[in-house]
Amino acid sequence: MSALFSPLSIGALTLPNRVMISPMCQYSGKGGVAQPWHMAQYGRLAMGGAGLVMVEMTSVSAQGLSTHGDLGLWTDEQEEALARIADLIRSLGAVPGIQLGHAGRKASSQRPWHGGKPLSEIDLTERGETPWRIVAPSAVPITPAHPVPAALSLEEIETIKADFVQSSARAMRAGFDLVELHGAHGYLLNQFVSPLSNLRDDAYGGDLAGRTRLPLEICRAVRDRIGPEKGLFIRLSVSDGVDGGQELEQTIEFARALKTAGVDALDCSSGGIVGAANATRLVRGPGYQVPFARALRETVGIPTIAVGLILDGPQAEAVVQDGSADIVAIARAALDDPNWPHHAREAISGRDYSDWPPQAGWWLQNRAALLDRLAAGE
Ligand SMILES: Cc1cc2nc3c(=O)[nH]c(=O)nc-3n(C[C@H](O)[C@H](O)[C@H](O)COP(=O)(O)O)c2cc1C
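Dropping the structure here:
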């Protein structure tokens with residue numbers, strides 16, 4: 001019996017199995033609205049057999065977009081397009097979730113394949129993409145080569161809180177079963193938590209309690225708004241992985257408060273505060289972030305999600321089996337093979353097409369039987 005492919009009750013939700021498609025920005029929206037590309041992408045990922053499909057980071061406001069291609073969830077048109085995606089994912093047997101975020105000082109950037117740098121006049125000339133004003137907890141740029149963000153006023157912080165709550169309400173109306181807040185990879189909530197980017201001396205800065213105040217207030221407010229029947233996850237950079245940054249010990253304290261604030265699960269990632277998510281001193285290798293998921297699960301007693309270079313079924317099975325995490329999130333491996341969960345199950349439990357959609361499974365089962373007969377020389 002596979003642990004990875006057994007159902008999981010988490011909060012009030014039940015997932016058919018413990019494979020999650022990790023949120024992956026497609027940078028392919030228009031005006032924050034999902035396009036046919038997104039239907040194809042989320043359709044093929046949901047068809048692949050994951051229990052939970054997390055739609056990419058979706059901004060709560062125009063200010064919070066990281067690029068002109070990000071999805072947003074602050075207009076009716078954006079909500080309608082996302083409702084079609086939630087419906088599609090559910091119709092294919094997976095639970096639909098959506099990651100909500102605000103890019104903060106990482107807003108107004110080029111798409112990765114255009115360079116990932118701050119937007120400038122060149123982008124305006126070449127692609128008609130206008131840069132916009134970026135904000136952050138403090139006027140601290142990502143690196144000295146990056147633009148200096150405007151420090152948020154208390155009034156602007158209130159607006160951002162309200163934006164998260166409103167987008168969460170829209171997500172529920174659109175048919176998503178859970179919201180994941182993006183508190184990792186150097187985006188706005190991570191910028192508040194990290195001492196490297198938050199130099200405020202008011203209630204939203206200073207010690208750990210001050211720096212974590214905004215994410216905690218947002219968690220409480222979102223939980224209130226979505227009610228107890230829906231899921232609330234948060235993705236964290238458990239360690240910034242840079243000197244003077246947030247480390248596991250502080251994240252454990254933060255996680256205890258998140259649990260009390262009504263969070264159902266912690267999605268345990270790392271890095272990103274001083275640039276790309278891979279700008280850390282953490283050594284990357286298969287499953288390199290799994291120890292973070294394990295540490296938080298054990299010390300805080302909260303369900304966790306492990307992510308990062310989890311490559312095949314047996315590796316993912318071991319993560320759940322040995323109690324490191326409750327859910328395993330897969331990103332690039334699913335881009336490479338959208339049927340990754342089906343193949344993982346086969347690698348763990350042997351050939352069985354009963355979980356495939358019959359439109360494929362019935363034929364594959366017949367083909368397998370034929371190949372068996374041929375191999376036996378019949
Ligand atoms: C194309 C792409 C887009 C991504 N976009 C997001 C995102 O929207 N939100 C997020 O939290 N992580 C994002 N990530 C990070 C992944 O969710 C995941 O944490 C990371 O790729 C490591 O997992 P992997 O080794 O299975 O790919 C993205 C990764 C990729 C490859």
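Under UniProt numbering, the first residue of the sequence shown is numbered 1, with each subsequent residue one higher.
Backbone N, C-alpha and C fix where the C-beta goes; we use that ideal spot for every residue, glycine too.
As the structure is a computational prediction, the values presented were derived from the model and not from experiment.
Ala145 and Pro36 have their C-alpha atoms some 36 Å from each other.
Taken atom to atom, the span from the alpha-carbon of Pro358 to that of Val148 is near 54 Å. Between the segment 306-326 and the segment 1-19 there are three or more C-beta pairs closer than 8 Å, enough to call the two in contact.
By the criterion of a C-beta distance shorter than 7 Å, Leu45 is surrounded in its chain by Ile21, Val53, Ala334 and Pro338, once the five residues flanking it on both sides are discounted.
In this structure Ile122 is exposed. Its beta-carbon is surrounded by fewer than 16 other beta-carbon atoms within 10 angstroms. If you check the CB distance, Tyr27 and Arg111 come in under 8 Å. Counting only residues of its own chain and dropping the five nearest sequence neighbours on each side, Glu79 has a CB closer than 6 Å to the CB of Arg170 and Ala174. Note on geometry: alpha-carbon atoms of Gln191 and Asn198 lie some 6 Å from one another. In the three-state reduction of the DSSP assignment, Phe176 falls in the coil class, being assigned neither a helical nor a strand state.
Between the alpha carbons of Ala184 and Leu88 lies a gap of roughly 27 Å. Shown here for Gly287: same chain residues with a beta carbon closer than 8 Å to its own, the five before and five after excluded, namely Ala306, Gly308, Leu309, Ile310, Gln315 and Val319 in chain order. Around the beta-carbon of Gly31, fewer than 16 other beta-carbon atoms lie within 10 Å, marking it exposed. Assigned with DSSP and collapsed to three states, Phe233 falls in strand. Leu282 sits close to Gly271, with the two beta carbons spaced by under 8 Å.
Scanning its chain for C-beta atoms nearer than 7 Å, with the 5 sequence neighbours on each side dropped, one finds around Asp312 the residues Ala344 and Ala347, in chain order. Cβ neighbours of Arg297 within its own chain (closer than 6 Å, five residues either side excluded): Thr304. Residue pairing by DSSP places Leu4 opposite no residue, since no beta bridge is assigned to it.
Separation of the CB atoms of His342 and Trp356 is rounded to 6 Å, and the pair is thereby assigned contact status at 8 Å. Closest in alpha carbon position to Gly29, among Leu13, Glu56 and Ile10, is Glu56. Across the set His182, Ser66, Asp201 and Gln250, the C-alpha of Ser66 shows the shortest separation from the C-alpha of Val135. Counting only runs that start and end inside the segment 263-308, the beta strand (DSSP E) elements of at least 3 residues fall at 265-269 and 304-307.
Distance from the CA of Asp336 to the CA of His114, rounded to the nearest whole angstrom, comes to 21 Å. Secondary structure within the segment 124-204: the alpha helix (DSSP H) runs of 4 or more consecutive residues, fully enclosed, are 154-173 and 188-193 (chain order). Around the C-beta of Glu129, 16 or more other C-beta atoms lie within 10 Å, and the residue is accordingly described as buried. For Thr14, the pairing in a beta bridge is given by DSSP as Ser9. By the beta-carbon neighbour count (other beta carbons within 10 angstroms, threshold 16), Lys117 is exposed.
In this structure, the straight-line span from the alpha carbon of Ala265 to that of Leu73 is close to 22 Å.
Thr280 sits buried, since 16 or more C-beta atoms from the chains shown fall within 10 Å of its C-beta.
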